[in-house]
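Count the sequence shown with our numbering and you get residues 144 to 227, in order. We put the beta carbon where it would ideally sit given N, CA and C, even for glycine. In this text, all values refer to a predicted model and were calculated from it rather than measured experimentally. Everything on this sheet refers to the single structure shown next.
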Amino acid sequence: KKEIKDEVTHILYDQTRRTPIVIPVINEIGGGGGKPQSTNRTAQSPEHKPIMGVPPRSQRKFPPKQIPDSEVQVPNKGNDVPSY
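In structure tokens, the structure reads:
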């Protein structure tokens with residue numbers, strides 16, 4: 144891991160002439176024999192599959208836009224502030 148980090152650091156420095164911060168990450172792929180994680184999410188249908196580079200649309204429902212109360216005061220334009 145250290146050798147790979149050093150190699151990547153040198154390559155990036157040679158290309159950019161800047162000192163990079165390289166953070167090595169190891170992802171385990173395959174059946175590790177551990178118990179599977181259960182999630183409460185439902186599986187996405189193929190038509191909602193995320194597309195790389197396109198942010199997913201929000202599935203949340205938001206409350207309707209609120210109208211201010213009649214007690215709301217509009218701020219002054221600064222006419223009541225004394226000038227020094």
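- About 7 Å separates the CB atoms of P167 and I147; that is less than 8 Å, so the two are in contact.
- For K144, there is no enclosing alpha helix (DSSP H), since its DSSP letter is neither H nor E.
- When the five nearest sequence neighbours on each side are left out, the beta carbons in the same chain lying within less than 8 Å of the beta carbon of I169 are those of K144, in order along the chain.
- Excluding residues up to 5 positions away in sequence, nothing lies with its Cβ nearer than 8 Å to the Cβ of E150 in the same chain.
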